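The sequence shown begins at 36 in my numbering and counts up one residue at a time.
Here a beta-carbon is modelled for each residue, glycine too, at the ideal position from N, C-alpha and C.
These numbers come from a predicted model, not from an experiment.
To keep things clear, I will list the structure first and then write my remarks on it.
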Amino acid sequence: MDRYEYDLSLYSEKIDDVISKYNIKIRHVTAEATDPSFSFPKRNTIIMNDAYKSNISPLFIMAHEIFHTIGKNANQQIYAFSPLAKLDEEKNAHLFALNLFFDTIEDNYIPNYIEVMYALGLPLSMEHLVRQVWIEHSSRDFVI
């Protein structure tokens, strides 16, 4: 499937702002195509594997890893990106990345959540999370 065309520049800027705010170090490496990006919360560092083969936007992956880095769960020293993980920490990282994305959308336009999935290259297994955040953001200014 061809990548859905959506301007992610505001999402990229938002991510850069968070990285700067928390002084997160980003290291880009070229590892095996099957090795996901990961974070070292105690070192305040994210390792992005530029060779990682995935339909998921590297921006979404970066935002996901930011959550792990700034959350600094004492029980976990390393987090590797996994779109299919069922752990609460992974779900919360996905939700954080989605909320960052929706925070960049212009006030007068909330895209259909399916468009968001295509724009970020997200798998169907994440549809319920995307729909949840989409509904929350769509109803923010809704007054009865």
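Residue environment: P158 is assigned as exposed (fewer than 16 neighbouring CB atoms within 10 Å of its CB, all protein chains considered).
The Cβ atoms of F137 and H172 lie closer than 8 Å to each other. The three-state secondary structure of K88, taken from DSSP, is coil. Residue nearest to A154 within the set D52, I91, E67 and D85 is I91 (criterion: CA-CA distance). In the three-state scheme derived from DSSP, where H, G and I count as helix and E and B as strand, I59 is classed as coil. Annotation for S74: the continuous beta strand (DSSP E) segment containing it runs F73 to F75. Of the other Cβ atoms in all chains shown, 16 or more fall within 10 Å of the Cβ of Y46; this residue is therefore buried. Contact annotation: L94 and L130 have beta-carbon atoms that are not nearer than 8 Å. With a beta-carbon spacing of about 14 Å, D85 and T69 fall beyond the 8 Å limit used to define contacts.
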